[in-house]
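Protein chains: 2
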Amino acid sequence: MDDWLKYSEEVEASWVTVDLAIFTLRDDQLMVLLIERGVEPFLGRPALPGGYVQKGETLRAGALRELWEEAGIDASRLHLEQLGAYGEPRRDPRGRVVTIAYLALGPDLPAPVGGTDAERAYWFPVSQLHKQSYELAFDHADILSDALEEVRRKLEYTAVATAFCGKSFTLTELRTVYEVVWGQHLDPSNFRRKVIKTAGFVQPTGEQRLPPTGRPAALYRRGEAWLLSPPLLRGGGQSA
Amino acid sequence: MDDWLKYSEEVEASWVTVDLAIFTLRDDQLMVLLIERGVEPFLGRPALPGGYVQKGETLRAGALRELWEEAGIDASRLHLEQLGAYGEPRRDPRGRVVTIAYLALGPDLPAPVGGTDAERAYWFPVSQLHKQSYELAFDHADILSDALEEVRRKLEYTAVATAFCGKSFTLTELRTVYEVVWGQHLDPSNFRRKVIKTAGFVQPTGEQRLPPTGRPAALYRRGEAWLLSPPLLRGGGQSA
DNA sequence: CCCCTAAAGGTCATATTGACTTAAACAAGG
DNA sequence: CCTTGTTTAAGTCAATATGACCTTTAGGGG
Chain A
1 MDDWLKYSEE VEASWVTVDL AIFTLRDDQL MVLLIERGVE PFLGRPALPG GYVQKGETLR
61 AGALRELWEE AGIDASRLHL EQLGAYGEPR RDPRGRVVTI AYLALGPDLP APVGGTDAER
121 AYWFPVSQLH KQSYELAFDH ADILSDALEE VRRKLEYTAV ATAFCGKSFT LTELRTVYEV
181 VWGQHLDPSN FRRKVIKTAG FVQPTGEQRL PPTGRPAALY RRGEAWLLSP PLLRGGGQSA
Chain B
1 MDDWLKYSEE VEASWVTVDL AIFTLRDDQL MVLLIERGVE PFLGRPALPG GYVQKGETLR
61 AGALRELWEE AGIDASRLHL EQLGAYGEPR RDPRGRVVTI AYLALGPDLP APVGGTDAER
121 AYWFPVSQLH KQSYELAFDH ADILSDALEE VRRKLEYTAV ATAFCGKSFT LTELRTVYEV
181 VWGQHLDPSN FRRKVIKTAG FVQPTGEQRL PPTGRPAALY RRGEAWLLSP PLLRGGGQSA
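First to last, the sequence lines map onto chains A and B.
Here the first sequence is numbered in UniProt numbering, starting from 1 and rising by one per residue.
Here the second sequence is numbered in UniProt numbering, starting from 1 and rising by one per residue.
Set out below in structure tokens:
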């Protein structure tokens, strides 16, 4: 640690945290997990779940642990990817805190339970975020906004939409993911055609599922491909 | 800082650094800026430029400052975007150091000059990186690999290729960027057609440039669009 | 058996792509 | 001042993909 000395005036120790923007679909709405902060600063304010990275812990492991501690969610089944680092000097009143934001997606997840630092945890509809009175703690509004944009873009050129579905799913369910996340209607027929001919996106399980009414739907599971080529572009309001 | 106390056993102070993967094109080769480390650890080994973030400094400002200090490059004209955070517990032998990696792109840049912590700085051809004997310090090989993949993907759906060109450029120059970065030949005619009809990608300046021989080429500048729709996909080896 | 519903599959005009050809604009050389 | 070489620019065309529809199929319930 010798060569740190000459920086003693300019370099400072930092604390590193992880924050999670975790999304799921509940009754055809895109929901994000928020907590009500149980400690200062921003006590009582809504925030993304997160907390300090611990000794010897990878960033990813820290994200998984915080999700479990603050909301009782086992993220091992989730899609989890890093979003980026947020390190504005004054983003945390307690000192220099750099946070690594993670993006998580999962199928219809259980109601979360509050944890140690979180008074309570709950699913909140993304569509209601703009409502005044909903000011998130720290710079979490920025993080959440970036996370949303990332999800919407990733639906286009990766198979990440399947992370919102169960192990097997119908094409209608998959299309609903796109419709809800993009907030636009897609033509069922054209959507089916594109998805099926996109190599490695989905593969039929051979089984079926009965809808409440109507013809049985074939079930699919994720294919091997992660990157979609060609991608499913959301053009300007079209239908597939 | 009160609530940090209860974590005293598990939470540790960290040092935050920035590292830069900066690319440019020099005589039709993709080059990355490397430095030879002038201090321990990894003294004498090649590495990405980078260093500690200072007090009150944003991460981005730290990246710009390090680039100037270690290679004498003024990055204010460059395209600079965050790549992600790398925080494996043992990635730095000196202790817990989390680095925020930045990706920078610029037009044919001047030969860099060595700085304080860098014995020397130099442009290195990306194509030569796999060569054994070229083992970068820390986890910089991972960062560089991620940066390369990011550049290649971003060429597809953003106008970032223009960052490799000067203020005005010919379509042949722009095409060369794609060809060098993707390592694949593109049909000049089809490339022209796509670029021109992609709204907001480029706009003609009205001026021309005389090539060493042949018909004058029209000059273009960047358009207003950042996201390309439709994107320029690199399919499977085709021509536009 | 008939009706309702949702899935699955088909049609068709238009737009886009990839491969290729042709025309245009300069410099140099005889 | 006409020819040649070279590079940019523009055009052709068959194959494919897309967007907007329509039709058929396979259930359940009355």
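Virtual Cβ for every residue (Gly too), placed ideally from N, Cα, C.
Cβ pair residue i, residue j closer than 7 Å
i, j, result
"A:S168", "A:L219", "yes"
"A:L178", "A:L228", "According to the sequence provided, residue 178 of chain A is Tyr. The question's Leu does not apply to it. No, they are not a contact pair."
"B:E207", "B:E119", "no"
"B:L30", "B:V180", "yes"
"B:S14", "A:S14", "yes"
"B:S191", "B:R209", "Note on identity: in this sequence residue 191 of chain B is Phe, with Ser being the wrong assignment. In this structure, B:R209 does not lie closer than 7 Å to B:F191 by Cβ."
Nearest-angstrom Cα separation, counted from residue j out to residue i
i, j, result
"B:E88", "A:A163", "26 Å"
"A:A111", "A:E69", "14 Å"
"A:A141", "A:E135", "7 Å"
"A:G237", "A:G106", "Caution applies to A:G237, whose pLDDT of 47 falls short of 50 and renders its modelled position unreliable; the value that the coordinates give is listed next. Taking the straight line joining both Cα atoms gives about 26 Å."
"A:V32", "A:L78", "14 Å"
"B:G56", "B:Y86", "21 Å"
"A:P188", "A:I143", "33 Å"
"A:S133", "B:L171", "50 Å"
"A:Y7", "B:G200", "Residue placement at A:Y7 is poorly supported in this model, since its pLDDT is 48, which falls under 50; the coordinates still yield a value, given next. Taking the straight line from one Cα to the other gives about 46 Å."
"A:L232", "A:E12", "45 Å"
"A:P216", "A:A71", "36 Å"
"A:P212", "A:K131", "35 Å"
"A:G38", "A:L59", "23 Å"
"B:G214", "B:E173", "15 Å"
"B:P93", "A:G50", "27 Å"
"B:D27", "B:S76", "23 Å"
"A:F124", "B:R45", "49 Å"
"A:E40", "A:L48", "14 Å"
"B:A101", "B:A147", "9 Å"
"A:R193", "A:E10", "59 Å"
"A:G166", "B:C165", "46 Å"
Beta-carbon separation (whole angstroms), residue i vs residue j, contact threshold 8 Å
i, j, result
"B:A137", "B:F23", "Their Cβ separation, rounded to whole angstroms, is 19 Å, which puts B:A137 and B:F23 out of contact at 8 Å."
"B:L20", "B:E81", "Between B:E81 and B:L20 the Cβ distance is about 11 Å, and since that is not below 8 Å, they are no contact."
"A:L103", "A:V53", "Contact flag wrong, Cβ pair sits at about 17 Å."
"B:I73", "B:L25", "Actually they are not in contact, since the Cβ atoms of B:I73 and B:L25 sit about 15 Å apart, beyond 8 Å."
"B:G84", "A:G223", "Between A:G223 and B:G84 the Cβ distance is about 26 Å, and since that is not below 8 Å, they are no contact."
"B:V202", "B:R221", "7 Å"
Nonlocal neighbours in the same chain, by C-beta distance under 7 Å from residue i, ignoring five residues either side
i, result
"A:E149", "none"
"B:Y122", "L34, P112"
"B:D139", "Y86, E88, R91"
"A:V160", "H79, L105, K154"
"B:G62", "V18, V53, Q54"
"B:W226", "T158, A159"
"B:T205", "S168, L219, Y220, R221"
"B:M1", "In this prediction, B:M1 scores a pLDDT of 44, lower than 50, which makes its location untrustworthy; the coordinate-derived value is nonetheless stated afterwards. Cβ within range, chain order: n/a, list empty."
Cβ-based neighbour list, residue i, same chain, cut-off 6 Å, excluding 5 preceding and 5 following
i, result
"B:T198", "L228"
"A:T99", "T17, D19, Y86"
"A:R96", "E12, S14"
"B:L129", "none"
Contact set for residue i: own chain, Cβ-Cβ below 8 Å, skip 5 residues either direction
i, result
"B:W182", "R152, L155, R234"
"B:P230", "T198"
* **the stretch 44-65 of chain A: positions lying closer than 8 Å to chain B by Cβ** => Y52, V53, Q54, K55, G56, E57, T58, L59
* Please list the residues of the stretch 87-101 of chain A that have a C-beta atom closer than 8 Å to any C-beta atom in chain B, keeping them in chain order. => G87, E88, P89, R94, G95, R96, V98, I100
* Asked: Can you list, in chain order, the residues of the stretch 212-230 of chain B whose Cβ is nearer than 9 Å to any Cβ on chain A?
  -> L227, S229, P230
* Contact residues within the stretch 188-207 of chain B, judged by C-beta distance below 7 Å to chain A -> none
* **Residues of the stretch 10-23 of chain A whose Cβ lies closer than 8 Å to any Cβ of chain B, in chain order** => E10, V11, E12, A13, S14, W15, V16
* Asked: Along the stretch 157-185 of chain A, what residues have a CB closer than 9 Å to any CB found in chain B?
  -> Y157
* Asked: In the stretch 141-157 of chain B, which residues sit with their C-beta less than 7 Å from some C-beta in chain A, listed in chain order?
  -> none
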